[in-house]
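Chains as they are written, first to last, in my numbering: chain A, 27 to 612; chain B, 7 to 382.
We put the CB at the ideal spot given by N, CA and C, even for glycine.
Because the structure is a prediction, the values reported are computed rather than measured.
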Amino acid sequence: MGPVEDSPNPQPASNGPETLQIGKASATERAPNSSEKFYFWLSGREIVNPFDIVEADQLEGTRTFGLVTNIEQSTDAPSHLSNFISSDFGSVETTPQTPRQGVNVAEVSVLANFDPAEPKKYPMGIYMPVQSDSPIRFADEAGIHVALGIDKMFDYEREYGEKITIPAGLIRMSNGAKVRVFLDKRYVLGPEGAHVNIAGISGLATKTSYAMFLIQSIIQTVGSKDIAVIILNVKQNDLLVIDKARKNPKPEELAAWEYLGLKPKPFENVRYLLPWGKETQTTGLPNSFGEPPSQYQTYAYSLDDVIGNRANRGPGLDLLIRVPDPWDTLGALIGEIQHGIANQEPSWRPVRTWNDLLNGPPLMQAGVPQRVSNVEARSVGRFVRVLRRVVRNRQSGVFVEQRGERRAVNLGEEIRKIEGGQTTVIDIAKLTDEERALVFGHIIQEVYAMYAEASVDDSGELPKKVIIFVDELNKYAPGRRDDTSSSILEYVLDIAARGRSLGLILISAEQFMSEVHGQVIGNASTKVIGRSDSAELSQAAYRFIPQDVKAHLTRLDKGELLLSHPIYRQSVRIEFPMPAYQSIGH
Amino acid sequence: MTNPFAPLQPALQVITREAKVLPATGQAMEDLMRPDHEEVIDRLRQGDEKVREVLIESPNREAYVALQPIHRTDRHLLRYFLDGSARTFFLGDAVEGNRRSPIHVAQIGAAAVWRADSGALRVAGAVHKIVLMLDKKALSFSDQVERLVQEAGPRFGFLDTMEADGESERTAPGKEPRSRAAHKAHHRMAMEEEKLGRGLERPSDQWLVLDGSLGKDLHPWHDVSSFFGVTKSFSREPIFKLPGARGGKVVNLYELLAALPFSFRTCAFAARSGKVAVWYVRLREQRQLDYPLMGVIKVELPNPTTNAVPTDLVNELSCALVAERQATPHGKDIRWHAHLYPIYMAEQTVKNGFISTEALKAGIKWPTMVALVGEG
Numbered sequence: 027m028g029p030v031e032d033s034p035n036p037q038p039a040s041n042g043p044e045t046l047q048i049g050k051a052s053a054t055e056r057a058p059n060s061s062e063k064f065y066f067w068l069s070g071r072e073i074v075n076p077f078d079i080v081e082a083d084q085l086e087g088t089r090t091f092g093l094v095t096n097i098e099q100s101t102d103a104p105s106h107l108s109n110f111i112s113s114d115f116g117s118v119e120t121t122p123q124t125p126r127q128g129v130n131v132a133e134v135s136v137l138a139n140f141d142p143a144e145p146k147k148y149p150m151g152i153y154m155p156v157q158s159d160s161p162i163r164f165a166d167e168a169g170i171h172v173a174l175g176i177d178k179m180f181d182y183e184r185e186y187g188e189k190i191t192i193p194a195g196l197i198r199m200s201n202g203a204k205v206r207v208f209l210d211k212r213y214v215l216g217p218e219g220a221h222v223n224i225a226g227i228s229g230l231a232t233k234t235s236y237a238m239f240l241i242q243s244i245i246q247t248v249g250s251k252d253i254a255v256i257i258l259n260v261k262q263n264d265l266l267v268i269d270k271a272r273k274n275p276k277p278e279e280l281a282a283w284e285y286l287g288l289k290p291k292p293f294e295n296v297r298y299l300l301p302w303g304k305e306t307q308t309t310g311l312p313n314s315f316g317e318p319p320s321q322y323q324t325y326a327y328s329l330d331d332v333i334g335n336r337a338n339r340g341p342g343l344d345l346l347i348r349v350p351d352p353w354d355t356l357g358a359l360i361g362e363i364q365h366g367i368a369n370q371e372p373s374w375r376p377v378r379t380w381n382d383l384l385n386g387p388p389l390m391q392a393g394v395p396q397r398v399s400n401v402e403a404r405s406v407g408r409f410v411r412v413l414r415r416v417v418r419n420r421q422s423g424v425f426v427e428q429r430g431e432r433r434a435v436n437l438g439e440e441i442r443k444i445e446g447g448q449t450t451v452i453d454i455a456k457l458t459d460e461e462r463a464l465v466f467g468h469i470i471q472e473v474y475a476m477y478a479e480a481s482v483d484d485s486g487e488l489p490k491k492v493i494i495f496v497d498e499l500n501k502y503a504p505g506r507r508d509d510t511s512s513s514i515l516e517y518v519l520d521i522a523a524r525g526r527s528l529g530l531i532l533i534s535a536e537q538f539m540s541e542v543h544g545q546v547i548g549n550a551s552t553k554v555i556g557r558s559d560s561a562e563l564s565q566a567a568y569r570f571i572p573q574d575v576k577a578h579l580t581r582l583d584k585g586e587l588l589l590s591h592p593i594y595r596q597s598v599r600i601e602f603p604m605p606a607y608q609s610i611g612h
Numbered sequence: 007m008t009n010p011f012a013p014l015q016p017a018l019q020v021i022t023r024e025a026k027v028l029p030a031t032g033q034a035m036e037d038l039m040r041p042d043h044e045e046v047i048d049r050l051r052q053g054d055e056k057v058r059e060v061l062i063e064s065p066n067r068e069a070y071v072a073l074q075p076i077h078r079t080d081r082h083l084l085r086y087f088l089d090g091s092a093r094t095f096f097l098g099d100a101v102e103g104n105r106r107s108p109i110h111v112a113q114i115g116a117a118a119v120w121r122a123d124s125g126a127l128r129v130a131g132a133v134h135k136i137v138l139m140l141d142k143k144a145l146s147f148s149d150q151v152e153r154l155v156q157e158a159g160p161r162f163g164f165l166d167t168m169e170a171d172g173e174s175e176r177t178a179p180g181k182e183p184r185s186r187a188a189h190k191a192h193h194r195m196a197m198e199e200e201k202l203g204r205g206l207e208r209p210s211d212q213w214l215v216l217d218g219s220l221g222k223d224l225h226p227w228h229d230v231s232s233f234f235g236v237t238k239s240f241s242r243e244p245i246f247k248l249p250g251a252r253g254g255k256v257v258n259l260y261e262l263l264a265a266l267p268f269s270f271r272t273c274a275f276a277a278r279s280g281k282v283a284v285w286y287v288r289l290r291e292q293r294q295l296d297y298p299l300m301g302v303i304k305v306e307l308p309n310p311t312t313n314a315v316p317t318d319l320v321n322e323l324s325c326a327l328v329a330e331r332q333a334t335p336h337g338k339d340i341r342w343h344a345h346l347y348p349i350y351m352a353e354q355t356v357k358n359g360f361i362s363t364e365a366l367k368a369g370i371k372w373p374t375m376v377a378l379v380g381e382g
């Protein structure tokens, strides 16, 4: 009850649960309640927002939880004209003596029903419509865990003694409550499901921050020793200082970390692999933004590194040739070249460097393309032109004639050295698109090969799980498959489909989920969406989000995300603390 | 959910057993009052006084007085608003020998709302009744039916449709009990309204506004202060003698109100031998409405002493009433131009408490003879 003035017959403020009541369920002729959703009107002073989770008294002493998806106000004015006339025929200055009667009504999507009795009389819950006039309250943390299905994770942990809850962020409710939400390890790292995809417009520093928060959360809770992490740095030097603690972190962010049961600390045991650049030979500095980390290795690609040898296959030239090849002419030529060089066949023996390949026999003779096996000379010319552009004219410097073992490493070999508890950051920020494709393709090929082709004896030495984080996934697994699609897509699709059984987990991000291959999105059991525009949200990729919720995605703030997880019955809006490492580029 | 009309079943069983019942076609059907009922009541209550010639306010002697709206944020005078509503349903005819009586059931209610300084409304009091009505003299077993209804509980009541009450027999369009039922129910509603209004506990500076003209008998209100009635549809019969030079001039209601500007009131005239002060207030600009009588309310202030009413008081109440023109129930009520929104809300409070027509039709059914035999 409010102050004395607000009531003709003032009542003492009541104590107990009814003080938390914010409204009552409402079913009408035109808007009936159902098993799927219900409505409630809000008492005068209460405020709820979309994504709040509320509970309603249900039949037989059970409680039904639901997610607020929309709030509408209706008044007794049948038309806008009535309001215009009511305001003294359009006077904007006057205040009504009696404000028009209006009611705020919230629409709620049913999440779960909970029977508090032990033993449960209704273990399957009661999904009768919430009865009109049932009291409505904000759900508390325990209620929200029931609503989302998180309580089942705790049950599992108690029963089997295995940690499976991964802190995923906080739900902030309109009543000021902050509620911890958790992901189920079995749906993030396998075997039930795997992979995380994060979408949203750029510029909010949210996608990468969330991915890094989630990786830190996974490492700290379910596998500091067993999980190897590979991170691709695609922008500035954002991820090149992840082992340095953040300076002057805000106390509330530290508190949020601790509330989630996590330590606000930077990554430990980090290796940085930075690309060789055109100036590296003279300056000794890698081709990266800003100051390089104190400890790092430089990687480069000689012709041998790309093609490989019989024992260790390289990533292959096909990752560099991203042009239409409808008749597979270039594919045949690449096969011919790689076979020849890798096997040291007589005609290819003189080819040791990029220069040899591009200017000498057997592809070129005195500057003129030559026929190779069954491939016409003009196709050879086309291949040489494309490859020259990639590894000579437009290259960043990562392609070298000879790679000095002491000055630059072979990326594939370094990937094969990954260990549990170690984080490997590979910088590709300054690389061209073709070079990025080569590096990313090389990484997933190596990792995939390590696990898919490992014998039973070998597999014991490998980390149990490998998490690969890559931004701008749309460049490697585009939604529209055209003639320029490279072989990377095949590997990404393999990891998406089979990764969870092998222990390869892809945490990927992109601006537009609609531009990423459907199978990759479909196989990502956890989807996270930041602020997106309405045109993007109208794409088929977002069909899993209810229409009302989509509208709210256009106005998510920095640090706010929509989280969809197989355990949850509905997507929820979460916040998360900023990563605890230095964030130079932000 | 239980049938809210179940307690009436014993009475209906007696009617079915003792008389031949001709049920209404298509179950219960609503009987409406004549459309100008409020105006007819107002005409009836003014009695034989056709000429208003005595000014009962002092010191004002002007025919029209300008008003400055008093908003609740400046001075919150009008705090309580009271209205009632009745809905009457014809259930069928009971035939006993050569005599017959229509059987009606009416839902009757009254509600008072209270307005906080913020403008928010709260229900200050409400009453709902379900009343069974028949022509008592026409049926030999009426007393038994009346007793069974009284025993059904405090929410239920019995009414003799043809019993004279001083108003229903004069306001109803015909003398048939069928045509009188709705008016009889309305009269009973007015009684409930008055009872509720008199029973409200309120400070004397918080005025109560009643919907419609004041009842004929104001004696029960003798110890109630700070209330007045507001009528939207009023009798057009009276003529008025306006003050002025050379003895003033006589005008009819149309002329009186056509010259009444927006946010003005007329002078206060004596009615009912000076026990009531009557004046008119224009709430809305005439150019926004169709004809001069629209947008005007008639105010009736009880004046038990019959002394002159202070002009300041008449002005104060009128100024507060002009401020009441917002909001309006435009689009919901054809009398929106003269309706006070809090009164409309009191009416809605009553109507929203009524059991829906669908539930009433389903809940009240004549017992079949087979069922009666079965019950032995």
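In chain order, what residues of the same chain have a beta carbon less than 6 Å from the beta carbon of Leu327/B, not counting five sequence neighbours either side? On the second sequence, position 321 is the one that residue 327/B refers to. Here the set comprises Val287.
So within the stretch 297-325 of chain A, which uninterrupted beta strand (DSSP E) runs reach at least 3 residues, ignoring any that extend past its ends? 323-325
With a cut-off of 8 Å, do at least 3 Cβ pairs link the stretch 257-277 of chain B to the stretch 63-81 of chain B? yes
Can you name the residues that DSSP bridges to Phe140/A? As a working mapping, residue 140/A is identified with position 114 in the first sequence. Arg89/A, per the DSSP bridge assignment.
Rounded separation between Gln364/A and Gly438/A - CA only: Position 338 of the first sequence, counting from 1, holds the residue named residue 364/A. Position 412 of the first sequence, counting from 1, holds the residue named residue 438/A. Gln364/A and Gly438/A: Cα-Cα distance of roughly 17 Å.
Tell me the DSSP bridge mates of Phe96/B? Residue 96/B sits at position 90 when you count from the first residue of the second sequence. In the DSSP output, where bridge partners are listed per residue, Phe96/B has Met35/B, His110/B.
Mind pulling the chain A residues with CB within less than 9 Å of Gly125/B? The residue you call residue 125/B lines up with position 119 of the second sequence. Residues of chain A passing the Cβ test: Thr121, Pro122, Gln123, Thr124, Pro125.
Would Ser107/B and Leu145/B qualify as a contact pair, given that the criterion is a beta-carbon distance under 7 Å? Translated into positions along the second sequence, residue 107/B becomes position 101. Translated into positions along the second sequence, residue 145/B becomes position 139. Going by C-beta atoms, Ser107/B is nearer than 7 Å to Leu145/B.
Measuring straight from C-alpha to C-alpha, what distance separates Thr167/B and Gly159/B? Within the second sequence, numbered from 1, the residue matching residue 167/B stands at position 161. Within the second sequence, numbered from 1, the residue matching residue 159/B stands at position 153. In a straight line, the C-alpha of Thr167/B is about 20 Å away from that of Gly159/B.
Within 7 Å (strictly less), CB to CB, does Thr458/B reach chain A? The question about residue 458/B has no answer here: the residues shown for chain B are numbered 7 through 382.
For the candidate residues Leu68/A, Gln596/A, Pro125/A, Glu72/A, whose alpha-carbon lies nearest to that of Thr334/B? On the second sequence, position 328 is the one that residue 334/B refers to. Minimum Cα distance to Thr334/B is reached at Pro125/A.
Who are the neighbours of Glu330/B on chain A, taking C-beta pairs under 8 Å? For this step, residue 330/B is matched to residue 324 along the second sequence. By Cβ distance, chain A contributes Gln123, Thr124.
For the stretch 46-76 of chain A, which residues have a beta carbon sitting closer than 9 Å to at least one beta carbon of chain B? Gly70
Assuming Gly172/B is part of the alpha helix (DSSP H), what are its boundary residues? Mapped onto the second sequence, residue 172/B falls at position 166. That residue, Gly172/B, is in no alpha helix (DSSP H); it is neither H nor E in DSSP.
Is it buried or exposed, Phe95/B, if we count other Cβ atoms within 10 angstroms and call 16 or more buried? Translated into positions along the second sequence, residue 95/B becomes position 89. Buried, by the Cβ-count rule.
When you compare each of Lys281/B, Leu266/B, Ser279/B, Gly163/B to Leu289/B by their alpha carbons, which one comes out closest? Within the second sequence, residue 289/B is the residue found at index 283, counting from 1. Out of Lys281/B, Leu266/B, Ser279/B, Gly163/B, Leu266/B has the C-alpha closest to the C-alpha of Leu289/B.
When you compare the CB of Pro572/A with every CB in chain B, is at least one pair closer than 7 Å? Counting from 1 along the first sequence, the entry for residue 572/A is found at position 546. No, no contact with chain B.
If you draw a straight line from the C-alpha of Asp509/A to the C-alpha of Asn500/A, how long is it? As a position in the first sequence, residue 509/A is number 483, starting the count at 1. As a position in the first sequence, residue 500/A is number 474, starting the count at 1. Summary for Asp509/A: the model assigns pLDDT 46, below 50, so the residue's position carries little reliability, and this model does not support an answer.
Using a Cβ cut-off of 7 Å (strictly closer), state whether His336/B contacts chain A. By one-based count along the second sequence, residue 336/B stands at place 330. Closer than 7 Å to some Cβ of chain A, the Cβ of His336/B qualifies, so yes.
Counting only beta-carbon separations shorter than 7 Å, does Pro155/A have a partner in chain B? As a working note, residue 155/A is residue 129 in the first sequence. No, its Cβ sits nowhere closer than 7 Å to a Cβ of chain B.
Tell me whether the beta-carbon of Arg420/A lies closer than 7 Å to the beta-carbon of Thr379/A. Working through the first sequence from its first residue, we reach residue 420/A at position 394. Working through the first sequence from its first residue, we reach residue 379/A at position 353. Their beta carbons are not under 7 Å apart, which means Arg420/A does not touch Thr379/A by this criterion.
For Arg418/A, which of Ala522/A, Lys304/A, Gly340/A, Val377/A has the nearest alpha-carbon? For the purposes of this step, residue 418/A is taken as the residue at position 392 of the first sequence. Nearest option by C-alpha distance: Lys304/A.
For the stretch 213-222 of chain A and the stretch 524-533 of chain A, state whether three or more C-beta atom pairs, one from each stretch, are separated by less than 8 Å. yes
Per-residue burial, Ile600/A [other beta carbons within 10 Å of its own, 16 or more giving buried]: Here residue 600/A is taken as the residue at index 574 of the first sequence, counted from 1. Counting Cβ neighbours within 10 Å, Ile600/A comes out buried, since at least 16 surround it.
Would you kindly check if the distance between the Cβ of Arg462/A and the Cβ of Ala326/A is under 7 Å? Translated into positions along the first sequence, residue 326/A becomes position 300. Translated into positions along the first sequence, residue 462/A becomes position 436. Not in contact: Ala326/A and Arg462/A (Cβ atoms no closer than 7 Å).
Three or more beta-carbon pairs under 8 Å between the stretch 83-93 of chain A and the stretch 152-162 of chain A, yes or no? yes
May I ask you to verify whether the stretch 162-173 of chain A touches the stretch 68-80 of chain A, counting CB pairs closer than 8 Å and requiring at least 3? yes
The beta strand (DSSP E) that contains Arg198/A, what's its start and end? Here residue 198/A corresponds to residue number 172 of the first sequence, with the count starting at 1. First-last of the beta strand (DSSP E) with Arg198/A: 191-198.
Taking Cβ positions only, does Asp114/A come closer than 7 Å to chain B? Sequence index remark: in the first sequence, residue 114/A carries index 88 (1-based). Closer than 7 Å: yes.
Quick one: grab the DSSP three-state call for Trp372/B. Along the second sequence, read from residue 1 onward, the residue named residue 372/B stands at position 366. Residue state, collapsed to three classes: coil.
What's the C-alpha gap between Tyr285/A and Gln608/A? The residue labelled residue 285/A in the question sits at position 259 within the first sequence. The residue labelled residue 608/A in the question sits at position 582 within the first sequence. Those two C-alpha atoms are separated by around 21 Å.
Do Asn130/A and Ile97/A count as a contact pair if the criterion is CB distance below 7 Å? Here residue 97/A corresponds to residue number 71 of the first sequence, with the count starting at 1. Here residue 130/A corresponds to residue number 104 of the first sequence, with the count starting at 1. Closer than 7 Å, so yes.
Between which residues of its own chain and Gly42/A is the CB-CB distance below 6 Å, once the five residues before and five after are set aside? The count along the first sequence starts at 1 and reaches residue 42/A at position 16. Note on Gly42/A: pLDDT 38, under 50, position unreliable in the model; the coordinate value appears next. Same-chain partners within the cutoff: there are none.
For Ala69/B, does the three-state DSSP call read helix, strand or coil? Taking the first residue of the second sequence as 1, we reach residue 69/B at position 63. In this structure, Ala69/B counts as coil in the three-state DSSP scheme.
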